[in-house]
Amino acid sequence: MGQHDNLEDARLPVLFFKLRAVTLALGECATPPWWGTGFLDDTGLSFLQRLYPRSFLKAAVEAAGRAACAVHDRATGMVGVYHLFRLPELIESEILRLEPDQADEFPAVLKNALGRPDELLKLLQSMCAGGRAVAATGAKRIGEENRLLTVQGLRETAAVYHAAFKNHSQAFPYFTTDRSG
Numbered sequence: 131m132g133q134h135d136n137l138e139d140a141r142l143p144v145l146f147f148k149l150r151a152v153t154l155a156l157g158e159c160a161t162p163p164w165w166g167t168g169f170l171d172d173t174g175l176s177f178l179q180r181l182y183p184r185s186f187l188k189a190a191v192e193a194a195g196r197a198a199c200a201v202h203d204r205a206t207g208m209v210g211v212y213h214l215f216r217l218p219e220l221i222e223s224e225i226l227r228l229e230p231d232q233a234d235e236f237p238a239v240l241k242n243a244l245g246r247p248d249e250l251l252k253l254l255q256s257m258c259a260g261g262r263a264v265a266a267t268g269a270k271r272i273g274e275e276n277r278l279l280t281v282q283g284l285r286e287t288a289a290v291y292h293a294a295f296k297n298h299s300q301a302f303p304y305f306t307t308d309r310s311g
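When we follow this note's numbering, the leftmost residue of the sequence shown carries the number 131, and every step to the right adds one.
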């Protein structure tokens, strides 16, 4: 049995990491900011790049993600709930093990978009893969945990964030644990 047997797609940890990075960058530059961090702006990344030359983006996402997790937990609760910043342990451990991919253009594209909400929104829109969400404010249930572990669940999550940032509101998409099994 492989390490991704419970995941629909082995790319999910990378896709979740990228969605986290874009969502965190948008949350930091939103007015008002969704969380009070400054890791995903030019200054924050430059600082972290000196400390962690090969993994500065991962460090920025981890640091800002902790603040975002607390904000999401207040909106959705913590028991029986998963969200972008509190994923099942299987995905979280895979994200932690991710190594920087020198062939991946995402870090450069993200860095170029930092501080430019319109560019960040375009990145987020590409993660929706054409999916759209009704603008919602506050906690928004997407489905159950098994749906979270799919590319479609990730796209639906991205679509909720996209609608929220586009409409200058705060939305917190989440999934519930499957209690029937």
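Built from N, CA and C at the ideal position, the CB exists for glycine as well.
query, result
"Inter-stretch contact at 8 Å, needing at least 3 Cβ pairs: the segment 143-150 / the segment 158-177", "no"
"Beta-carbon proximity check, Ala289 vs Arg246, cutoff 8 Å", "no"
"Beta-carbon gap between Ala243 and Leu228 smaller than 8 Å", "no"
"Contact under 8 Å by Cβ, Ala151 with Val191", "yes"
"Residue nearest to Gly268 in terms of C-alpha spacing, selected from Ala200, Phe236, Phe302", "Phe302"
"Gln133 in three-state terms, based on DSSP", "In this prediction, Gln133 has a pLDDT of 40, which is less than 50 and means its spatial position is unreliable; nothing more can be read from the coordinates."
"The segment 202-211 / the segment 180-194 touching (three or more Cβ pairs under 8 Å)", "no"
"Of the listed residues Thr167, Asp248, Lys296, nearest to Ala197 (C-alpha basis)", "Thr167"
"When Gly157, Arg180, Tyr182 are compared against Leu170, the one with the closest alpha-carbon", "Gly157"
"Counted within 10 angstroms of its Cβ, other Cβ atoms place Ala233 as buried (16 or more) or exposed", "exposed"
"Nearest-angstrom Cα separation, counted from His292 out to Glu274", "21 Å"
"Rounded separation between Ala155 and Ser256 - CA only", "15 Å"
"N-terminal and C-terminal residue of the beta strand (DSSP E) that Val281 is part of", "Element bounds for Val281: not the beta strand (DSSP E) but the alpha helix (DSSP H), 281-296."
"From Glu249, Ala266, Phe236, residue whose alpha carbon lies closest to that of Asn297", "Ala266"
"Cβ-Cβ separation, Ala194 to Phe295 (assumed contact under 8 Å), whole Å", "With 8 Å as the limit, Phe295 and Ala194 do not qualify as a contact, their Cβ atoms being about 15 Å apart."
"Closest residue to Thr307 among Ile225, Leu278, Leu240, Glu249 (Cα-Cα distance)", "Leu278"
"heavy atom of the ligand SAM below 7 Å from Leu170 C-beta", "In the structure on display, the ligand SAM does not appear, and there are no ligands present to speak of."
"Same chain only: Cβ atoms within 6 Å of Phe215, ignoring 5 sequence neighbours per side", "Gly195, Ala198, Cys199, His202"
"DSSP-derived helix/strand/coil call for Pro143", "helix"
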